[in-house]
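2 protein chains.
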Amino acid sequence: MHNIDDVETEETLTCLRITVHHPLHEIKNVFQLIHFNKREKHMVEDPLKVGRDTKSCHISLYDLRVSRVQFSIQAFRHFNSSKLFFEIKNLSKRGKLIVNNTELEHLNKVELPKKALVRFAEFQLLVEKEDGESTESFDTFFELARTPPWQDILCAPSMSPVPETGILTNACTIPPHCSLQTPVEMEECELK
Amino acid sequence: MHNIDDVETEETLTCLRITVHHPLHEIKNVFQLIHFNKREKHMVEDPLKVGRDTKSCHISLYDLRVSRVQFSIQAFRHFNSSKLFFEIKNLSKRGKLIVNNTELEHLNKVELPKKALVRFAEFQLLVEKEDGESTESFDTFFELARTPPWQDILCAPSMSPVPETGILTNACTIPPHCSLQTPVEMEECELK
Numbered sequence: 016m017h018n019i020d021d022v023e024t025e026e027t028l029t030c031l032r033i034t035v036h037h038p039l040h041e042i043k044n045v046f047q048l049i050h051f052n053k054r055e056k057h058m059v060e061d062p063l064k065v066g067r068d069t070k071s072c073h074i075s076l077y078d079l080r081v082s083r084v085q086f087s088i089q090a091f092r093h094f095n096s097s098k099l100f101f102e103i104k105n106l107s108k109r110g111k112l113i114v115n116n117t118e119l120e121h122l123n124k125v126e127l128p129k130k131a132l133v134r135f136a137e138f139q140l141l142v143e144k145e146d147g148e149s150t151e152s153f154d155t156f157f158e159l160a161r162t163p164p165w166q167d168i169l170c171a172p173s174m175s176p177v178p179e180t181g182i183l184t185n186a187c188t189i190p191p192h193c194s195l196q197t198p199v200e201m202e203e204c205e206l207k
Numbered sequence: 016m017h018n019i020d021d022v023e024t025e026e027t028l029t030c031l032r033i034t035v036h037h038p039l040h041e042i043k044n045v046f047q048l049i050h051f052n053k054r055e056k057h058m059v060e061d062p063l064k065v066g067r068d069t070k071s072c073h074i075s076l077y078d079l080r081v082s083r084v085q086f087s088i089q090a091f092r093h094f095n096s097s098k099l100f101f102e103i104k105n106l107s108k109r110g111k112l113i114v115n116n117t118e119l120e121h122l123n124k125v126e127l128p129k130k131a132l133v134r135f136a137e138f139q140l141l142v143e144k145e146d147g148e149s150t151e152s153f154d155t156f157f158e159l160a161r162t163p164p165w166q167d168i169l170c171a172p173s174m175s176p177v178p179e180t181g182i183l184t185n186a187c188t189i190p191p192h193c194s195l196q197t198p199v200e201m202e203e204c205e206l207k
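Chains as they are written, first to last, in our numbering: chain Y, 16 to 207; chain L, 16 to 207.
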C-alpha cells in the first residue's frame with residue numbers, strides 16, 4: 016500500500032459512455048464478452064480496437080457479421096488544447112461504418128463529435144464523451160439499450176462528425192430496425 | 016509452394032523511404048537495431064511505433080534521449096481516394112516532435128506531406144512517400160545519412176505538413192548540427 020503522501024494527485028478521466036444495441040442481442044448474445052456498467056481504463060497511446068477477434072480487440076463482439084477488427088477509436092489532442100479528443104477509423108475491408116450521417120470505408124476516419132451514433136452490421140453504438148483532466152488514460156463505460164438509440168441523434172443536425180469530406184446519407188428516413196446490409200465475412204465459418 | 020494460378024495478383028506497395036541521421040551515430044551506435052537497405056512490410060491497420068522500447072516499438076532507437084514510445088505513423092485513406100496517406104502523432108510526454116516546421120506536443124498529430132523531415136532529440140528522419148496500389152500493407156526502407164538532410168527540406172515552403180493549427184518555427188535559421196534540446200527521460204537509468 017502506498018502512503019497517501021507519496022501518491023500523485025488524482026485526475027478525473029475522460030470517459031466514453033457507450034450505449035450499445037443489437038435487435039437480436041437476447042437471442043444471439045452478441046454482447047456476451049462486454050463488461051457492462053463498469054469503468055475500464057485505457058492508455059491514450061493505444062488505439063481501442065473493436066471487432067470479433069478476441070486476441071487483437073479490446074472490445075469483442077460475438078457475431079459473424081462483425082469483422083475481425085471492425086474499427087478503432089484513438090485519442091489525440093488538438094494543438095494548444097489539453098483536452099482529449101477521439102478519432103474513429105474503419106478497419107474493416109468489407110463492411111461500412113456509419114458515424115452519425117457519414118459513411119466510412121476501409122481506412123477512412125473522422126473525429127468523433129461529443130455525441131456520435133456508430134452503426135455497422137445490425138449494431139448501433141451511441142458514444143458520448145465526458146471530458147476529464149488526465150491526458151494519460153481514459154475510461155470506457157458500456158451500457159445496454161433494449162431499444163435502438165438512433166432516433167434522437169440522427170435528427171439533430173448539429174451533431175454531425177467532422178470529416179475531411181464525406182458522403183451524406185439521409186439517415187432520418189432509415190426505419191428503426193433496418194439492417195445496414197454490410198456484407199458478411201464468409202471466409203471464417205464459425206467463432207472459435 | 017503455391018501454384019502461380021492460385022496466387023492473388025501482386026500489387027505494388029506504398030513505401031516510406033526513411034533516411035536517418037544522428038550526429039553521434041558512429042560513437043553511440045544509436046541505429047544498431049535498424050535493418051538498413053531492406054524493405055520491411057507493415058499492415059495498414061497497425062500504427063508503426065518508433066521509440067526506445069524494443070517490445071512495443073516496430074522501430075527501435077538505441078538512445079536514452081529517446082522516449083520509450085516517441086511517435087507513431089499510421090496509414091489512412093481520404094474519402095473517395097484509394098491512395099494511402101500517413102499521419103504522425105507524438106506519443107512522448109516529455110519530448111517535442113518537429114515535422115518540417117510544425118512542433119507537435121504529446122498527442123498532437125499532423126498528416127505527413129509527401130516529403131517530411133521529422134526531428135526529435137538529436138535525430139533527423141527524412142520521410143519520403145512513394146505511392147503504391149495496395150491498401151492492405153505498406154513497406155518501410157531505411158537508409159543512413161552521414162550528413163544531416165535538414166537543409167533542403169526546411170527551406171522549401173511548399174513542403175509544410177497539414178496540421179489543424181500549428182506553431183511555426185523559423186527552421187531555416189537552425190544551425191545544421193544543433194540539438195533540439197528535448198528533455199531527457201531520467202526515470203530509467205540504462206538500456207536493457
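The beta-carbon is built from N, C-alpha and C at its ideal position, and this holds for glycine as well. On a predicted model such as this, the values are computed, not experimentally measured, just so you know.
Simplified DSSP assignment, three categories, for residue 40 of chain Y: Stepping through the first sequence from its first residue, residue 40 of chain Y is reached at position 25. Helix, per DSSP.
For the beta strand (DSSP E) that contains residue 130 of chain Y, what are its first and last residues? Along the first sequence, read from residue 1 onward, the residue named residue 130 of chain Y stands at position 115. It spans 130 to 135 - the beta strand (DSSP E) in which residue 130 of chain Y sits, taken as one unbroken run.
Using a beta-carbon distance below 8 angstroms, is residue 60 of chain Y in contact with chain L? Reading the first sequence from its first residue, position 45 is the one you call residue 60 of chain Y. Output row for residue 60 of chain Y: interface = yes.
What do you get for residue 28 of chain Y, buried or exposed, if any count of 16 or more other CB atoms within 10 angstroms of its CB means buried? Position 13 of the first sequence, counted from the first residue, corresponds to residue 28 of chain Y. When all chains shown are included, residue 28 of chain Y counts as buried.
Listing by chain order, which chain Y residues have their CB less than 8 angstroms from the CB of residue 153 of chain L? Your numbering for residue 153 of chain L matches position 138 in the second sequence. Listed by position along chain Y, the residues whose Cβ is nearer than 8 angstroms to that of residue 153 of chain L form an empty set, because the closest Cβ is around 11 angstroms away.
Could you check which residue in Y:61, Y:38, Y:70 and Y:158 has the C-alpha nearest to that of residue 104 of chain L? Along the second sequence, one-based indexing puts residue 104 of chain L at 89. Measuring from the Cα of residue 104 of chain L, the nearest candidate turns out to be Y:61.
Residue 55 of chain Y, enclosing beta strand (DSSP E) - first and last residue: Counting from 1 along the first sequence, the entry for residue 55 of chain Y is found at position 40. 54 to 58 is the extent of the beta strand (DSSP E) around residue 55 of chain Y.
In chain L, which residues lie less than 8 angstroms from residue 92 of chain Y when you measure between Cβ atoms? Taking the first sequence and counting its residues from 1, the one referred to as residue 92 of chain Y is at position 77. Going along chain L in sequence order, the residues near residue 92 of chain Y (Cβ under 8 angstroms) are 120, 121, 122 and 123.
Could I get the ranges of all uninterrupted beta strand (DSSP E) runs contained in the stretch 71 to 154 of chain Y, with 3 residues as the minimum, in chain order? The stretch 71 to 154 of chain Y contains these whole beta strand (DSSP E) runs: 86 to 91, 100 to 105, 112 to 114, 117 to 119, 124 to 126, 130 to 135 and 138 to 145.
Determine contact between the stretch 43 to 56 of chain Y and the stretch 84 to 92 of chain Y, defined as no fewer than three beta-carbon pairs at a distance below 8 angstroms. Counting Cβ pairs under 8 angstroms, fewer than three are found: no touch.
With a threshold of 16 other CB atoms inside 10 Å of the CB of residue 19 of chain Y, please say whether the residue is buried or exposed. Numbered from 1 along the first sequence, position 4 holds the residue referred to as residue 19 of chain Y. Only exposed fits residue 19 of chain Y, as fewer than 16 other CB atoms lie within 10 angstroms of its CB.
Just to confirm my understanding: we take residue 112 of chain Y, look at its own chain, exclude 5 residues before and 5 after, and list those with CB closer than 6 angstroms. What are they? For the purposes of this step, residue 112 of chain Y is taken as residue 97 along the first sequence, with counting starting at 1. Taking C-beta separations shorter than 6 angstroms and ignoring five residues to either side along the sequence, the partners of residue 112 of chain Y in its chain run 86, 105, 119 and 135, following chain order.
Whose Cβ in chain Y lies nearer than 7 angstroms to the Cβ of residue 111 of chain L? Within the second sequence, the letter at position 96 stands for residue 111 of chain L. Neighbours of residue 111 of chain L on chain Y: none; closest Cβ ~12 angstroms, over 7 angstroms.
Among residues of its own chain, excluding the 5 on either side of residue 160 of chain Y, which ones have a beta-carbon nearer than 7 angstroms to its beta-carbon? Taking the first sequence and counting its residues from 1, the one referred to as residue 160 of chain Y is at position 145. So the list reads 34, 35 and 36, once near-sequence residues are dropped.
Return the bridge partner residues of residue 157 of chain Y from the DSSP annotation. Position 142 of the first sequence, counted from the start, is the residue given in the question as residue 157 of chain Y. According to the DSSP secondary-structure assignment, residue 157 of chain Y is paired through a beta bridge with Y:33 and Y:51.
If distances are taken between C-alpha atoms only, which option among L:147, L:81, L:133 and L:21 comes closest to residue 164 of chain L? Against the second sequence, residue 164 of chain L aligns to sequence position 149. Closest option to residue 164 of chain L, Cα to Cα, is L:133.
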